[in-house]
Each structure stands twice: as structure tokens, then as C-alpha cells.
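Worksheet: one structure, shown below.
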Amino acid sequence: MTLPSAEWQIEFLKYIQNILQAGSFTSTYKCALLIALSNVAIEKGSDTDAPLTIHYRDLAEQFMHLYWHQARPYKIVDQTEIILAQNTGNTIAIMQRIDE
């Protein structure tokens, strides 16, 4: 397997950028997924031409790492504890999963 050319890699990054720009921003899942995929690729990948299989558990661990602090209640001065919510007012789904 040969490595993708520099031109192909730039086109791929432009494609990802278009996905982010065109998407709805009621949540940060897309950005978190890209960060998680990048982290797993860096941590588990090698500099060989061998393909990398990314397992769901590895992605889940990265999501947990990214969202862990937001899933914990925090207190605003003179108010009760709250948990991070989406701009729609609902608790973020991943926060509910982390809490479970």
C-alpha cells in the first residue's frame, strides 16, 4: 500500500473542512470525532504502509477523555450545580452516556 500523495491529503483535509463548515453546530460531536480519530491514529498507528484498524472502544476512550470534565456537575457562584447542556437546552447525549 502506498502513502497518499500530498495533493490527495490536502484534498482530504479540504473535504473534512467542508463537512465542518456545512454542518449544524448544535453539538461538538463532529469536531470531537475528528480529534478522537486523530488521537487514535497517532497513538496506535505506525510509520509503515500498514492499514490501521480503529476499534470503537479506542474511540469511546478518546470521547471520554475529551468530555469527562464537562460531564461532571459544576457550580456557578450562588447557584445550584449544573451539567453542560447543548444550546437547545437539553443535556448532551454523550454526557448522559458518560454518567451511566
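In this text, residue positions in the sequence shown follow the working numbering: the first is 5, and each later residue adds one.
Think of the CB as a built atom: it goes at the ideal place given N, C-alpha and C, for glycine as much as any other residue.
Between the Cα of residue i and the Cα atoms of the options, which residue gives the shortest distance?
| i | options | result |
| --- | --- | --- |
| Leu-56 | Ala-26, Leu-41, Ile-14, Ile-20 | Leu-41 |
| Thr-6 | Tyr-19, Arg-61, Phe-16, Asp-53 | Asp-53 |
| Ile-46 | Asp-82, Lys-34, Ala-26, Asp-62 | Asp-62 |
| Ala-64 | Ala-26, Tyr-33, Ser-50, Gln-83 | Tyr-33 |
What does the Cβ neighbour count give for residue i, buried or exposed, with the cut at 16 atoms within 10 Å?
| i | result |
| --- | --- |
| Gln-168 | No answer is possible for residue 168: the residues shown for the chain start at 5 and end at 104. |
| Ser-21 | Here the sequence assigns Gln to residue 21, which means Ser is not the residue at that position. Classification for Gln-21: exposed. |
| Gln-66 | buried |
Could you give the residue range of the alpha helix (DSSP H) that holds residue i?
| i | result |
| --- | --- |
| Ala-26 | 10-26 |
| Ala-54 | Per DSSP, Ala-54 belongs to no alpha helix (DSSP H) and is neither H nor E. |
| Leu-38 | 33-48 |
Stretch-stretch touch, CB-based, cutoff 8 Å, three pairs: the region 38-52 with the region 65-75: Yes, the region 38-52 touches the region 65-75.
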